[in-house]
Amino acid sequence: MGFMDGKGRTRGSGRGRAGALGAAAGAATAAGLLLGRKAVSIARTGKGHPLKHRALDLAAGAIQPKHPLDAMSTYLNGFHMYADDMGRQVEASHFCVHLRHDLHQCVIFDRNAPDARLIGIEYIITEERFRALPEDEKRLWHSHHYEVKSGILTAPGIPDLAEHAYFQDLVTTYGKTFHTWQYDRDGDFPYGIPQLMMGLTADGQADEAQIHARDRRLGLSTPHKRDNRADIPTPEVAPGANPWESGRTVQTRLEELDFRR
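Position 259, counted from 1, in the sequence shown is what the UniProt record's numbering calls 259; the numbers after and before it change by one each time, with no gaps.
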């Protein structure tokens with residue numbers, strides 16, 4: 001039912017508006033009961049969204065299968081630097097799936113939280129696969145030997161014994177990483193084009209303040225992890241990786257081209 005106001009405009013009745021809001025709230029509540037903890041996580045995101053959108057998010061979380069996300073079983077935390085600027089180092093929370101025996105794929109967020117910002121992707125391959133790449137392709141990849149041996153790369157919450165076994169394999173791998181959100185410069189919006197990232201390769205390069213802050217927040221000890229991995233052999237880095245060590249590097253840029261029909 002509606003009613004006419006003094007200027008002849010039709011407005012919905014208070015009962016109608018209350019009924020619509022009640023229906024949306026009921027849908028959200030029902031979906032929340034189905035989702036459990038996931039409902040709490042979704043409720044923390046989407047600040048300012050209309051109630052009907054939040055209800056849809058909750059219902060979708062309960063009903064729709066998300067197989068690629070469900071398969072991402074490994075959570076790794078580390079740091080990347082921009083391929084052309086060691087002074088720009090950012091924390092990166094990886095969520096990965098072992099897609100094939102020689103390939104992992106990861107999505108990267110700024111932290112492990114319901115409202116985390118999606119900041120990039122990383123592909124991880126075996127040494128054998130890396131050595132077979134074309135020389136131009138190798139320039140996009142970085143080694144993981146130092147990230148593992150230094151303790152900077154971690155698997156938060158995993159017991160030392162299991163983490164040690166995992167990193168025995170990861171120490172010989174190579175990664176290709178692009179960040180799509182330069183959140184160290186533009187925290188509110190993903191401006192710009194994807195940027196190629198690299199990994200640290202030696203002592204004295206890391207931003208120790210960031211590492212200490214990460215360790216305190218996650219209850220970690222990078223020195224302890226370094227000691228625990230001392231017995232993992234340090235592999236010889238394959239030629240072509242970590243191109244910035246030569247003093248020259250590569251980075252993405254926009255280029256205007258003629259459109260082909």
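Ideal placement from N, C-alpha and C gives every residue a C-beta, glycine not left out.
Which residue's Cα is closest to the Cα of residue i: the options?
i	options	result
Y191	H80, G240, G120, D70	G120
F178	L218, D115, L140	L140
M81	H212, D207, L51, R253	D207
T74	L220, T252, K176, I124	I124
L69	G87, F95, I232, D186	F95
Q72	R129, D57, S93	A quick correction: the sequence has Met, not Gln, at residue 72. Comparing Cα positions, the closest option is S93.
D85	F259, P243, L257, R260	P243
C106	R117, P114, A113, E122	E122
residue 265	G247, D115, F79	There is simply no residue 265 to check, as the chain begins at 1 and stops at 261 in what is shown.
Whole angstroms is fine: what's the gap from residue i's alpha carbon to residue j's?
i	j	result
V237	V90	23 Å
R229	T249	30 Å
K149	Y174	14 Å
E171	M197	Contrary to the premise, residue 171 reads as Val rather than Glu in this sequence. Answer to the nearest angstrom: the Cα atoms are 18 Å apart.
F189	Y183	8 Å
E137	L51	47 Å
L135	A241	Going by the sequence as given, residue 135 is Glu instead of Leu. Roughly 9 Å between the two C-alpha positions.
F167	A59	38 Å
residue 262	H67	This structure gives no information on residue 262, because the portion of the chain shown stretches from 1 to 261.
P194	L103	21 Å
Q210	G204	13 Å
R100	T126	10 Å
P239	T252	22 Å
H144	G199	7 Å
L33	R111	Because L33 carries a pLDDT of 42, less than 50, the predicted location of this residue cannot be relied on, and the following value inherits that uncertainty. Between L33 and R111, the C-alpha separation is close to 27 Å.
D186	D258	30 Å
R260	L254	17 Å
D231	P65	42 Å
residue 279	P235	With the chain covering only 1 through 261, there is no way to say anything about residue 279.
H98	D169	12 Å
G87	S246	17 Å
P114	I63	19 Å
G22	G61	Here G22 scores only 48 on pLDDT, less than 50, and its place in the model should not be relied on; the value that follows carries that caveat. Answer to the nearest angstrom: the Cα atoms are 20 Å apart.
E128	D227	28 Å
H142	A165	21 Å
K176	E163	22 Å
Write down the C-beta distance between residue i and residue j rounded to the nearest angstrom, noting that I regard them as a contact closer than 8 Å.
i	j	result
N77	R216	Contact doesn't hold; Cβ gap of about 13 Å is too wide.
L218	P159	Actually they do not touch by this definition, with Cβ atoms about 15 Å apart.
I152	T222	6 Å
Y146	A83	16 Å between Cβ atoms; not a contact.
L220	T154	6 Å
residue 268	W181	One cannot answer for residue 268 here, as it falls past the ends of the chain, which runs 1 to 261.
Quick one: what's residue i bridged to in DSSP?
i	result
residue 262	Missing from the structure shown is residue 262; the chain here goes from 1 to 261 and no further.
T154	N77
In the region 71-150, which residue ranges form an unbroken beta strand (DSSP E) of at least 3 residues, counting only runs that do not cross its ends?
-> 74-82, 85-100, 103-109, 118-125
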